[in-house]
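Protein chains in written order, with this note's numbering: chain V, 3 to 143; chain P, 3 to 137.
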């Protein structure tokens with residue numbers, strides 16, 4: 003059975019903690035052409051805010067691996083993206099990400115799926131919520 | 003140190019040239035190796051006009067309008083965009099994306115910034131807004 007609104011509310015276990023490193027912060031800031039911002043270097047660097055997307059994407063794997071939903075990343079379009087931060091991610095942080103399906107709307111073979119990913123530390127400190135709308139097209143049967 | 007902001011305030015725009023190298027660098031930094039971001043045949047198979055930039059790359063670059071202004075990225079509270087049009091990046095040369103920002107509201111120590119992102123004639127991000135802490 004493909005994805006339907008019956009799957010709204012389904013949650014997946016949090017990913018294994020990922021440790022944010024200074025090297026990865028430098029690499030990511032440089033990829034955005036933003037290596038000059040001093041916040042991303044020095045003694046106690048923070049990650050560029052949208053680095054949260056990298057950790058959120060790790061939680062997407064659970065969604066696309068769920069055999070019941072029959073989703074494929076190659077048939078998925080990222081429609082919109084929202085972030086709400088409690089605090090910036092810092093070098094040394096251990097971060098888990100846990101995904102919940104918030105809403106599913108079906109229009110023929112197309113599913114509009116709203117997912118939210120909560121980023122937190124293993125101690126349960128909330129860091130960021132990343133909410134995405136995905137448009138998924140079912141393969142013709 | 004607090005930052006002053008007033009509704010209507012225009013922020014300094016950012017112009018970002020995106021090349022295939024930019025996309026390769028972002029793929030490595032983000033771990034997003036979807037071939038539509040580096041392989042013309044893979045992009046064409048999905049009906050795209052060519053290799054396209056990662057939406058999250060465009061979104062991330064756009065926030066520079068805000069962080070160049072406020073300095074400390076830790077002040078960013080929220081950021082939201084719609085991906086309205088893909089940014090097609092040619093094999094040779096670059097696609098220029100121009101980002102602008104305007105302060106729309108200031109209340110309770112928080113400024114809301116409305117952002118635009120255009121590549122040629124195309125608006126590549128829609129409803130792009132960020133909220134930043136001023137205090």
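Backbone N, C-alpha and C define an ideal beta-carbon position, used for all residues, glycine too.
Computed from a predicted structure; not experimentally measured.
Inset, instruction - Jot down the residue ranges of each uninterrupted beta strand (DSSP E) in the segment 6-74 of chain P, minimum 3 residues, whole runs only, in chain order. - result: 12-20
Legend entry - Cβ-based contacts, 8 Å cut-off: residues of the segment 10-26 of chain P near chain V: 18, 24
Inset, instruction - Taking residue 92/V as the reference, give the member of 121/V, 70/V, 114/V with the closest Cα. - result: That would be 121/V, whose Cα lies nearest to the Cα of residue 92/V.
Inset, instruction - May I ask which residues mark the beginning and end of the alpha helix (DSSP H) holding residue 57/V? - result: 54-66
Legend entry - Per-residue burial, residue 51/V [other beta carbons within 10 Å of its own, 16 or more giving buried]: buried
Inset, instruction - Measure from the C-beta of residue 101/P to each C-beta in chain V and report whether the shortest distance is under 7 Å. - result: no
Inset, instruction - Return the first residue and the last residue of the beta strand (DSSP E) that residue 105/V is part of. - result: 96-109
Inset, instruction - Flag residue 46/P as yes when its Cβ comes closer than 6 Å to any non-hydrogen atom of the ligand ADP, and as no otherwise. - result: By its list of ligands, the structure shown contains no ligand whatsoever, and the ligand ADP lies outside what it can speak to.
Inset, instruction - Run down chain V in chain order and give the residues with a C-beta less than 9 Å from the C-beta of residue 81/P. - result: 51, 52, 83, 84, 85, 86, 87
Inset, instruction - Please go through the same chain and pick out, in chain order, the residues whose beta-carbon is closer than 6 Å to the beta-carbon of residue 154/P, but skip the five residues on each side of it. - result: Lying outside 3 to 137, the shown extent of chain P, residue 154/P is not represented and no answer is given.
Inset, instruction - Compare the C-beta of residue 31/P with all C-beta atoms of chain V and state if any pair is closer than 7 Å. - result: yes
Legend entry - Residue of 140/V, 96/V, 123/V minimising C-alpha distance to residue 21/V: 96/V
Legend entry - chain P within 7 Å of residue 117/V, Cβ atoms only: For residue 117/V, no CB of chain P lies under 7 Å from its own CB, so it is not counted at the interface with that chain.
Inset, instruction - Give the range of the alpha helix (DSSP H) segment to which residue 89/V is assigned. - result: Here residue 89/V belongs to no alpha helix (DSSP H), and DSSP marks it neither H nor E.
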